[in-house]
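Number of protein chains: 2
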Amino acid sequence: MRWRTIGVIGGMGPAATADFMARLVAGANAARDADHPRVLIDSNPHVPDRNAAIAGTGPSPGPVLAGMAANLLAQGAEVLAMPCNAAHGWANDVRAVAGKRFVDIIDTAIAAAMQHNTRRIGVIAIGATLDGRLYDRASVPVIAADRVLVQPLVNSIKGGDTGPAVATAMAAIAAGLVADGADVIIAACTEVPLVLGASAVAVPLIDATAALASATLAAARLG
Amino acid sequence: MRWRTIGVIGGMGPAATADFMARLVAGANAARDADHPRVLIDSNPHVPDRNAAIAGTGPSPGPVLAGMAANLLAQGAEVLAMPCNAAHGWANDVRAVAGKRFVDIIDTAIAAAMQHNTRRIGVIAIGATLDGRLYDRASVPVIAADRVLVQPLVNSIKGGDTGPAVATAMAAIAAGLVADGADVIIAACTEVPLVLGASAVAVPLIDATAALASATLAAARLG
Numbered sequence: 233m234r235w236r237t238i239g240v241i242g243g244m245g246p247a248a249t250a251d252f253m254a255r256l257v258a259g260a261n262a263a264r265d266a267d268h269p270r271v272l273i274d275s276n277p278h279v280p281d282r283n284a285a286i287a288g289t290g291p292s293p294g295p296v297l298a299g300m301a302a303n304l305l306a307q308g309a310e311v312l313a314m315p316c317n318a319a320h321g322w323a324n325d326v327r328a329v330a331g332k333r334f335v336d337i338i339d340t341a342i343a344a345a346m347q348h349n350t351r352r353i354g355v356i357a358i359g360a361t362l363d364g365r366l367y368d369r370a371s372v373p374v375i376a377a378d379r380v381l382v383q384p385l386v387n388s389i390k391g392g393d394t395g396p397a398v399a400t401a402m403a404a405i406a407a408g409l410v411a412d413g414a415d416v417i418i419a420a421c422t423e424v425p426l427v428l429g430a431s432a433v434a435v436p437l438i439d440a441t442a443a444l445a446s447a448t449l450a451a452a453r454l455g
Numbered sequence: 233m234r235w236r237t238i239g240v241i242g243g244m245g246p247a248a249t250a251d252f253m254a255r256l257v258a259g260a261n262a263a264r265d266a267d268h269p270r271v272l273i274d275s276n277p278h279v280p281d282r283n284a285a286i287a288g289t290g291p292s293p294g295p296v297l298a299g300m301a302a303n304l305l306a307q308g309a310e311v312l313a314m315p316c317n318a319a320h321g322w323a324n325d326v327r328a329v330a331g332k333r334f335v336d337i338i339d340t341a342i343a344a345a346m347q348h349n350t351r352r353i354g355v356i357a358i359g360a361t362l363d364g365r366l367y368d369r370a371s372v373p374v375i376a377a378d379r380v381l382v383q384p385l386v387n388s389i390k391g392g393d394t395g396p397a398v399a400t401a402m403a404a405i406a407a408g409l410v411a412d413g414a415d416v417i418i419a420a421c422t423e424v425p426l427v428l429g430a431s432a433v434a435v436p437l438i439d440a441t442a443a444l445a446s447a448t449l450a451a452a453r454l455g
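Written out as structure tokens, the structure reads:
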């Protein structure tokens, strides 16, 4: 197999970037080292806070993300991915540098969700993703879980807690969206799938990280 | 927490690099994104084959590894790690570029093994690690598992098979070293700990990848 080099604008958070890398490795379906794509990762936990930026209380992450993208391209990356939903509020800053070489997590997650004869999408996301209205580009109605419930769980996961209490609370959030009529759920924050699996949700669950990994590999594959 | 930037000379194999990244994330003990170190990873599966090089049938990986190291340093990495035991046969090529900024997996694994009142170390490694006599620098006798048993299991893991048959076979290899008098086992190939846990071995098991992650974080920590 031959591949384009993949660049990862990461660190938001670092565990989600590690999860994304593991999915790239598994998804390559390679029999030996040489059949994998080269992957360049910048796991940068110092990107300005997305929630603070969209609330107007902190600097925009856009210039830092564009700088990371430019640097990865200069290192030889030919396809770029950014495993963080909220950061896609500044996706246009990345696209200004990378153009069509950038694979958008929101587009890929919505496309995956629409493969289920979907009438209403439920998203589990944090404030910056919701305030940026990132999932409103879907062609069907989108309902969102209460950010007041989601954010503390995401904070716990970022702090390393992926235990049963966090997992149970996340499953309850998904169940609430199903009760409100969602027939597909998108785990629209890259920390969410670290505790929420398909078996814990009564309707199809779209793991945005997994969808991005698949789309990134598809864009990188040369034959 | 403040950290130096970590650079990872990776891709040997890609799954072991993903495992190493996950261990850096977990080991940072960070409560939020900003408390993690920045990590730059070059997961390059096109490094010349280590077994072929030491057998004299392929090119040396040394120049490629040194080039990756120089590039990571130029990107801002201040501490370098290479999660592949066999590649340390060319560690001096990396040290020529990085000096003391390079954290050596062999040194760290031996140091971890010697914390158990150890009289004889058993290593599970592939041919290039054994032929390079990398673990012979230990201050106690070292015995090695039969490479003819180890290599096919490593190949299976590199091909994505981490199932029970591979795990059981790896545990049997460890048991054989214990029967031969090893009182500590070093998982001295970064694919080995992907299927072998401490609970499957009757004596202390040193995961060289985990030891390298700890030592790398210690070298990167600024306070």
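Protein sequence lines correspond, in order, to chains A and B.
Quick note on the working numbering: the first sequence kicks off at 233 and runs consecutively.
Quick note on the working numbering: the second sequence kicks off at 233 and runs consecutively.
In this text, a Cβ means the ideal position worked out from N, Cα and C, and glycines have one as well.
Cross-strand partners of residue i (DSSP beta bridge)
{"i": "Ser275 of chain A", "result": "A:Gly242, B:Val271"}
{"i": "Leu437 of chain B", "result": "B:Ile417"}
Three-state secondary structure (DSSP) of residue i
{"i": "Arg453 of chain A", "result": "strand"}
{"i": "Leu428 of chain B", "result": "coil"}
{"i": "Ile358 of chain B", "result": "coil"}
{"i": "Asp251 of chain B", "result": "helix"}
{"i": "Ala263 of chain B", "result": "coil"}
{"i": "Asp325 of chain A", "result": "helix"}
{"i": "Ala313 of chain B", "result": "strand"}
Under 7 Å between C-beta atoms of residue i and residue j
{"i": "Leu457 of chain B", "j": "Gly259 of chain B", "result": "Outside the shown range of chain B (233 to 455) lies residue 457 of chain B, about which nothing can therefore be said."}
{"i": "Ala451 of chain B", "j": "Val335 of chain B", "result": "yes"}
{"i": "Gly461 of chain B", "j": "Asp325 of chain B", "result": "This structure leaves residue 461 of chain B out entirely; chain B is present only between 233 and 455."}
{"i": "Ala370 of chain A", "j": "Pro315 of chain A", "result": "no"}
{"i": "Arg234 of chain A", "j": "Leu454 of chain A", "result": "yes"}
{"i": "Gly312 of chain A", "j": "Gly239 of chain A", "result": "Before going on, a small fix: residue 312 of chain A reads as Leu here, not Gly. In contact: Leu312 of chain A and Gly239 of chain A (Cβ atoms closer than 7 Å)."}
{"i": "Val329 of chain B", "j": "Ala302 of chain B", "result": "yes"}
{"i": "Thr350 of chain A", "j": "Val416 of chain A", "result": "yes"}
{"i": "Ala432 of chain B", "j": "Ile405 of chain B", "result": "no"}
{"i": "Gly245 of chain B", "j": "Asp265 of chain A", "result": "yes"}
{"i": "Ala357 of chain B", "j": "Cys421 of chain B", "result": "yes"}
{"i": "Val459 of chain B", "j": "Val427 of chain B", "result": "Given a span of 233 to 455 for chain B in the structure shown, any question on residue 459 of chain B remains unanswerable."}
{"i": "Thr359 of chain B", "j": "Asn283 of chain B", "result": "It is Gly, not Thr, that sits at residue 359 of chain B in the sequence shown. Cβ distance < 7 Å, so Gly359 of chain B and Asn283 of chain B count as in contact."}
{"i": "Gly480 of chain A", "j": "Ile286 of chain A", "result": "Lying outside 233 to 455, the shown extent of chain A, residue 480 of chain A is not represented and no answer is given."}
{"i": "Gly288 of chain A", "j": "Asp281 of chain A", "result": "no"}
Nearest to residue i (by Cα), restricted to the options the options
{"i": "Ala440 of chain A", "options": "A:Gly455, A:Ala432, A:Glu423, A:Arg369", "result": "A:Glu423"}
{"i": "Asp368 of chain B", "options": "B:Asp339, B:Ala309, B:Gln347, B:Trp322", "result": "B:Asp339"}
{"i": "Ala434 of chain B", "options": "B:Ser446, B:Ala445, B:Ala443, B:Ile418", "result": "B:Ile418"}
{"i": "Val459 of chain A", "options": "A:Val386, A:Ala360, A:Asn387, A:Ile353", "result": "The requested residue 459 of chain A is not part of the displayed model; chain A covers only 233 to 455."}
{"i": "Ile337 of chain B", "options": "B:Thr237, B:Ala266, B:Asn317", "result": "B:Asn317"}
{"i": "Asp393 of chain B", "options": "A:Met233, A:Gly239, A:Val257", "result": "A:Val257"}
{"i": "Lys390 of chain B", "options": "B:Ala302, B:Gly299, B:Pro277", "result": "B:Pro277"}
{"i": "Gly243 of chain A", "options": "A:Phe252, A:Pro384, A:Arg236", "result": "A:Phe252"}
{"i": "Ala344 of chain B", "options": "B:His268, B:Ala262, B:Leu444, B:Ala406", "result": "B:Leu444"}
{"i": "Arg236 of chain B", "options": "B:Gly359, B:Gly308, B:Ala401, B:Arg379", "result": "B:Gly308"}
{"i": "Ala268 of chain B", "options": "A:His268, A:Ala262, A:Ile342, A:Val279", "result": "The sequence given here places His at residue 268 of chain B; Ala does not occur at that position. That would be A:Val279, whose Cα lies nearest to the Cα of His268 of chain B."}
{"i": "Leu366 of chain B", "options": "B:Met346, B:Ser388, B:Ala341", "result": "B:Ala341"}
{"i": "Arg270 of chain B", "options": "A:Val382, A:Met300, A:Ala401, A:Asp363", "result": "A:Met300"}
{"i": "Ala447 of chain A", "options": "A:Gly395, A:Trp322, A:Arg333", "result": "A:Arg333"}
{"i": "Ala401 of chain B", "options": "B:Leu272, B:Pro291, B:Leu304, B:Gln383", "result": "B:Gln383"}
{"i": "Glu310 of chain B", "options": "B:Leu272, B:Gln347, B:Pro425", "result": "B:Leu272"}
{"i": "Met346 of chain A", "options": "A:Asp412, A:Val372, A:Ala263", "result": "A:Val372"}
{"i": "Ala323 of chain B", "options": "B:Asp412, B:Ala411, B:Ala414, B:Ile241", "result": "B:Ile241"}
{"i": "Gly321 of chain A", "options": "A:Ser292, A:His348, A:Leu304", "result": "A:Ser292"}
{"i": "Ala463 of chain A", "options": "B:Gly413, B:Pro425, B:Ser388, B:Leu381", "result": "Residue 463 of chain A is absent from the structure shown; chain A starts at 233 and stops at 455."}
{"i": "His348 of chain A", "options": "A:Ala250, A:Ala414, A:Leu304", "result": "A:Ala414"}
{"i": "Ala407 of chain A", "options": "A:Val355, A:Arg327, A:Ala442", "result": "A:Val355"}
{"i": "Pro425 of chain B", "options": "B:Ala411, B:Ala403, B:Asp412", "result": "B:Ala403"}
Q: Could you pull out every unbroken alpha helix (DSSP H) segment of at least 4 residues lying fully inside the segment 328 to 401 of chain B, listed in chain order?
A: Taking 4 residues as the minimum length, the alpha helix (DSSP H) runs contained wholly in the segment 328 to 401 of chain B are 337 to 345, 359 to 363, 379 to 390, in order along the chain.
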